[in-house]
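*Asks:* Chains W and P supply the protein sequences, listed in that same order.
Using this note's numbering, you'd call the opening residue of the first sequence number 660 and step up by one each time.
Using this note's numbering, you'd call the opening residue of the second sequence number 16 and step up by one each time.
The beta carbon of each residue, even a glycine, is placed where N, CA and C say it ideally should be.
Everything numeric in this text was worked out from a predicted model, so none of it was measured.
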Amino acid sequence: MKNEVILEVENLVKHFPLEEGIFSRHHKKVHAVNGISFQLHQGETLGLVGESGCGKSTAGRTIIRLYEPTSGIVKYQGKNILSYNAKEMLAVRRDIQMIFQDPYASLNPRMTVGDIIGEALDIHHLARGQKRTDRIYELLETVGLNPEHANRFPHEFSGGQRQRIGIARSLSVNPKLIICDEPISALDVSIQAQIVNMLEELQEKLGLTYLFIAHDLSMVKHISHRIAVMYLGRIVELTDSFTLYEKPLHPYTQALLSAIPIPDPDIEAARQRQVLKGNVPSPIDPPSGCYFRTRCPKAQEVCALSTPELIEQGNNHWVACHCI
Amino acid sequence: MQQLHHLLEVDNLSTSFFTYAGEVRAVSGVSFYIDEGEALGIVGESGCGKSVTVQSVMRLIPSPPGKIVSGQIRFLGQDLVKLPEKQMTTIRGKSMGMIFQDPMTSLNPVLTIGRQMTEVLQRHEGLGKQEAMDRAEKYLEMVGIPNCKRRLKQYPHEFSGGMRQRVMIAMALLCNPKLLIADEPTTALDVTIQAQILELMKDLKQKINTSIILITHDLGVVAGLCSRIIVMYGGKIVESGTVQDIYKSPQHPYTWGLLKSVPRLDALSRTKLVPIHGTPPDLLKPPVGCGFTARCAHAMKICAEQPPGITEINPGHQVACWLLHPDAPKSTFDEKGRVG
Ligand SMILES: Nc1ncnc2c1ncn2[C@@H]1O[C@H](COP(=O)(O)OP(=O)(O)OP(=O)(O)O)[C@@H](O)[C@H]1O
Ligand SMILES: Nc1ncnc2c1ncn2[C@@H]1O[C@H](COP(=O)(O)OP(=O)(O)O)[C@@H](O)[C@H]1O
Ligand code: SF4
Ligand code: SF4
Ligand SMILES: [Mg+2]
Ligand SMILES: [Mg+2]
Chain W
660 MKNEVILEVE NLVKHFPLEE GIFSRHHKKV HAVNGISFQL HQGETLGLVG
710 ESGCGKSTAG RTIIRLYEPT SGIVKYQGKN ILSYNAKEML AVRRDIQMIF
760 QDPYASLNPR MTVGDIIGEA LDIHHLARGQ KRTDRIYELL ETVGLNPEHA
810 NRFPHEFSGG QRQRIGIARS LSVNPKLIIC DEPISALDVS IQAQIVNMLE
860 ELQEKLGLTY LFIAHDLSMV KHISHRIAVM YLGRIVELTD SFTLYEKPLH
910 PYTQALLSAI PIPDPDIEAA RQRQVLKGNV PSPIDPPSGC YFRTRCPKAQ
960 EVCALSTPEL IEQGNNHWVA CHCI
Chain P
16 MQQLHHLLEV DNLSTSFFTY AGEVRAVSGV SFYIDEGEAL GIVGESGCGK
66 SVTVQSVMRL IPSPPGKIVS GQIRFLGQDL VKLPEKQMTT IRGKSMGMIF
116 QDPMTSLNPV LTIGRQMTEV LQRHEGLGKQ EAMDRAEKYL EMVGIPNCKR
166 RLKQYPHEFS GGMRQRVMIA MALLCNPKLL IADEPTTALD VTIQAQILEL
216 MKDLKQKINT SIILITHDLG VVAGLCSRII VMYGGKIVES GTVQDIYKSP
266 QHPYTWGLLK SVPRLDALSR TKLVPIHGTP PDLLKPPVGC GFTARCAHAM
316 KICAEQPPGI TEINPGHQVA CWLLHPDAPK STFDEKGRVG
């Protein structure tokens, strides 16, 4: 699949300043996202995986300027949106929607479901009166809810239903790209499949493009065409999902895959698990050179001296490691 | 009637919460056992009664509103349901250890790790201060915490999530309990840290021969560690058996659903997930018949009317489902395809 590029991220950096004492000399900061680059093609799903705190959400939010980037370029349909003014951004925010992990926190508890979905229609002047009502009913049906749910409040719904409401809200403005930030992590396993199947069907029907953020690599592999693996704010490997599983090249990707339990006692018994030592270093003081070197079983001297670039190893398989 | 006894035998346990809205039947009629040196997995989605089951075993149900309504819990020759709280405290300290999902809730934030560990040993094992310190250090080392001496002087917040969980495991094992209960010990952790903890538990199981009950909602997590599995749904056990029974020839539609609704990392092609429709039952108004009826693709008329009895398919593999009735139409779980 080689459709046109809809979103292009170049060297995106987001650092958060740390609150500090008045006598401190060095300005410490959280290195949340440290220069990531990737392209998103029309109609594809790109998965963004990595462990807690590696900067996935920050990347997603910075792309649509919920956070102002420290540096870098974000091109939507060929234009750098980082130079857009508020009015120009409004149009971008209509095309690029975001859905969140906690469906409860992201829905206003005092608004009816109908008004939650209708709000975006109002902001973007998309429909009024009867047309607005019709659109709300249509959207509720699209996400598997009933029109009569429109008059109820979020607390009357289960987690899975709330996530459906959130999805209906983001679909209301006919977006082209949806950034899904852990949309199923808070849901029970049996409900996760309902939501994932729905996202897949919507993609097929509406030609949507997804940036799918999650820490569950099995699920990301299932839903994504390509996957970017993040570690401490950097992309360490980027390729299509089957290659990533069959032929992972980066030592971190290999360890991550090896850590995931497979629901099959025979496979588990035969598996030689590669267990990483220690924890992810603090993003306030990341190590020099390769950020993974403190846990990497293959680390060499050079790994502490210079940062490995994300380099193509053929056939669109990108890896950032000195030793492959 | 002196037979060879199981280490723990839970018989027809029912536990309810009496809330202002009515009786929440969190656990109803659960029976299972665990033998010495064995690891048992309890799986099921949130709210199906896993935690309440083991909290009942440890007699840690908040009361009121909670109460063990009926049943027996036999452990080391005693019925824990009837045991006075004082004796129960001793059992909890010495013979059973417990690890929770969030280690912060069970560690005291204002005491050093060393103080918390030695107190347990002084109280339950009657060790002197130095002896207790030595044992604490040894156990921290065993669970893979580097620089134990220094670590003993630190407070819980100075440890990362994975390390806190290791500390919890060390504490739970301090008095060499017969039974270690781990309630979603890795759910809050990253996968690489989860792998560390699971390897550690596997290792410890071999080294010190403790029995382990591991609770999780992730069927992958128990596949490598446990020899037997219990599947819970709506406060009841719907299927139990060896890992081979449960993963290779599951018989209950809910077990099928659990296995088919999650993608497998080793899947070779992209097949559509088979979701379980609807939502779990409200235990405030538990369904009359089988609790899974409203979501079950195989439900028959009788399922809504009467709870299914337990069928033993082969020794140790038990299923509560009407499909196993001789007159029921045949439905099977096909590993590759769909539930048919
Ligand atoms: N508003 C903020 N101010 C300061 N630091 C922040 C802020 N948001 C995130 N961070 C820090 O940036 C880093 C990356 O956080 P982020 O939320 O992007 O991680 P994540 O990969 O989404 O993690 P998770 O899987 O837990 O959601 C973390 O160290 C986090 O503490
Ligand atoms: N303190 C409590 N008060 C009232 N209901 C409770 C309480 N604790 C648990 N329950 C109910 O008991 C049922 C089983 O809960 P639990 O055992 O915690 O589920 P699991 O551990 O399987 O996620 C749920 O319906 C839950 O809401
Ligand atoms: S660059 Fe060095 S430390 Fe980093 S992943 Fe490669 S081998 Fe490991
Ligand atoms: S008893 Fe009936 S409803 Fe329950 S799982 Fe079996 S077939 Fe389905
Ligand atoms: Mg996040
Ligand atoms: Mg629980």
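In its own chain, which residues sit with a C-beta less than 7 Å from the C-beta of P/Q17, not counting the 5 before and 5 after it?
*Replies:* Confidence at P/Q17 is low in this model, with a pLDDT of 39, below 50, so the placement of that residue is unreliable and no value is reported for it.
*Asks:* When you compare only the Cα positions, how much space is there between W/P920 and W/R821?
*Replies:* For W/P920 and W/R821, the distance between alpha carbons rounds to 29 Å.
*Asks:* What's the call for P/K351, buried or exposed, on a 16-neighbour Cβ count within 10 Å?
*Replies:* With a pLDDT of only 46 at P/K351, under the threshold of 50, the placement of this residue in the model should not be trusted; the figure read from the coordinates follows. Looking at its Cβ environment, which holds fewer than 16 other Cβ atoms inside 10 Å, P/K351 is exposed.
*Asks:* May I ask you to report which of helix, strand or coil DSSP gives P/E254?
*Replies:* DSSP places P/E254 in strand when its eight states are reduced to three.
*Asks:* For W/V855, which residues of its own chain have a beta-carbon under 8 Å away from its beta-carbon, when the five flanking residues on both sides are left out?
*Replies:* Cβ within range, chain order: I843, M878, H881, I882.
*Asks:* With 7 Å as the threshold, decide whether the Cβ of P/T294 is near any Cβ in chain W.
*Replies:* Yes, P/T294 counts as interfacial toward chain W.
*Asks:* Give a yes or no on whether the minimum CB-CB distance between P/L55 and chain W is below 7 Å.
*Replies:* Not closer than 7 Å to any Cβ of chain W, the Cβ of P/L55 fails to qualify, so no.
*Asks:* Span of the alpha helix (DSSP H) holding W/Y911?
*Replies:* Here the alpha helix (DSSP H) through W/Y911 covers 910 to 918.
*Asks:* Report yes or no: is there a C-beta of chain P within less than 7 Å of the C-beta of W/A764?
*Replies:* No, because no Cβ of chain P sits closer than 7 Å to the Cβ of W/A764.
*Asks:* Tell me whether P/I223 is buried or exposed, calling it buried when 16 or more other Cβ atoms sit within 10 Å of its Cβ.
*Replies:* P/I223 should be labelled exposed.
*Asks:* Alpha carbons only, please: which of P/P161, P/I244, P/W337 is nearest the one belonging to P/Y11?
*Replies:* Limits of chain P in this structure are 16 at one end and 355 at the other, which puts residue 11 of chain P out of reach.
*Asks:* Using three-state DSSP, classify P/M103 as helix, strand or coil.
*Replies:* Three-state DSSP puts P/M103 in a helix.
*Asks:* Say yes only if the C-beta of P/S61 is nearer than 6 Å to one or more non-hydrogen atoms of ligand 2, and no if none qualify.
*Replies:* Yes, Cβ of P/S61 sits closer than 6 Å to a heavy atom of ligand 2.
*Asks:* Return the CA-CA distance between P/I36 and P/L299, expressed in angstroms with no decimal places.
*Replies:* The sequence given here has Ala at residue 36 of chain P, not Ile. Those two C-alpha atoms are separated by around 8 Å.
*Asks:* Starting from the beta carbon of P/A210, find every residue of chain W whose beta carbon is closer than 7 Å, and list them in chain order.
*Replies:* Simply A918, R932, V934.
*Asks:* Against chain W, does P/C336 count as a neighbour if the rule is that its beta carbon must be under 7 Å from one of theirs?
*Replies:* With 7 Å as the cut-off, P/C336 does not count as an interface residue toward chain W.
*Asks:* Excluding the five sequence neighbours on either side, which residues of its own chain have a C-beta within less than 6 Å of the C-beta of W/H909, listed in chain order?
*Replies:* Result list for W/H909: V895, E896, V978, C980, in chain order.
*Asks:* Using a Cβ-Cβ cut-off of less than 7 Å, give me the residues of the stretch 710 to 723 of chain W that come near chain P, in sequence order.
*Replies:* The stretch 710 to 723 of chain W vs chain P, Cβ under 7 Å: E710, S711.
*Asks:* Of all the CB atoms in chain W, is at least one closer than 7 Å to the CB of P/G352?
*Replies:* Any reading at P/G352 must be qualified, since the residue scores a pLDDT of 41, below 50, and its modelled position is unreliable; the value itself is stated next. Chain W, which has no Cβ nearer than 7 Å to the Cβ of P/G352, makes this no.
*Asks:* Can you tell me the Cα-Cα spacing of W/Q701 and W/T868, whole angstroms?
*Replies:* If I take the Cα positions, the gap works out to 6 Å.
*Asks:* Excluding sequence positions up to five away, which residues of its chain have a Cβ less than 7 Å from the Cβ of W/T966?
*Replies:* Within the same chain, W/T966 has close Cβ partners G948, C949.
*Asks:* Would you check whether ligand 4 has a heavy atom nearer than 6 Å to the C-beta of P/H313?
*Replies:* Answer for P/H313: yes, Cβ within range of ligand 4.
*Asks:* Give the residues of chain P in contact with W/E927, contact being defined as C-beta atoms less than 7 Å apart.
*Replies:* Simply A238, G239.
*Asks:* Given this structure, state the Cα-to-Cα distance separating W/Y763 from P/S276, to the nearest angstrom.
*Replies:* So the alpha carbons of these two residues sit roughly 23 Å apart.
*Asks:* Is the closest heavy atom of ligand 8 to the C-beta of W/S742 under 6 Å?
*Replies:* No copy of ligand 8 occurs in the structure displayed; its ligands are ligand 1, ligand 2, ligand 3, ligand 4, ligand 5 and ligand 6 alone.
*Asks:* Is W/C713 near ligand 3 - that is, is its Cβ less than 6 Å away from at least one heavy atom of it?
*Replies:* Because no heavy atom of ligand 3 lies under 6 Å away, the Cβ of W/C713 does not count as near it: no.
*Asks:* Is it buried or exposed, P/P99, if we count other Cβ atoms within 10 angstroms and call 16 or more buried?
*Replies:* Exposed, by the Cβ-count rule.
*Asks:* If I follow the unbroken alpha helix (DSSP H) through W/R791, where does it start and stop?
*Replies:* From DSSP, the alpha helix (DSSP H) with W/R791 extends over 788 to 801.
*Asks:* Could you spell out the range, first to last residue, of the alpha helix (DSSP H) harbouring W/S696?
*Replies:* Note, W/S696: premise wrong, no alpha helix (DSSP H); beta strand (DSSP E) at 688 to 700.
*Asks:* List, in order along the chain, the chain W residues whose C-beta lies closer than 9 Å to that of P/S31?
*Replies:* By Cβ distance, chain W contributes nothing, its closest Cβ being about 22 Å from P/S31, past 9 Å.
*Asks:* Tell me which residues of the stretch 256 to 274 of chain P have at least one Cβ-Cβ distance to chain W shorter than 9 Å, keeping chain order.
*Replies:* Result list: T257, V258, Q259, I261, Y262, K263, Y269, G272, L273, L274.
*Asks:* So P/T225 packs on P/L219, CB below 8 Å; how close in whole Å?
*Replies:* About 7 Å; that satisfies the 8 Å criterion.
*Asks:* Quick check: the stretch 200 to 219 of chain P against the stretch 246 to 259 of chain P, are there 3 or more CB pairs under 8 Å?
*Replies:* No contact exists between the stretch 200 to 219 of chain P and the stretch 246 to 259 of chain P.
*Asks:* Which word fits P/K193, buried or exposed, when buried means at least 16 other C-beta atoms lie within 10 angstroms of its C-beta?
*Replies:* Buried: at least 16 other Cβ atoms inside 10 Å.
*Asks:* Name the two residues that bound the continuous beta strand (DSSP E) containing W/Y869.
*Replies:* 868 to 873 is the extent of the beta strand (DSSP E) around W/Y869.
*Asks:* At least one CB of chain P closer than 7 Å to the CB of W/Q959: is that the case?
*Replies:* Answer no: the Cβ-Cβ gap between W/Q959 and chain P never drops below 7 Å.
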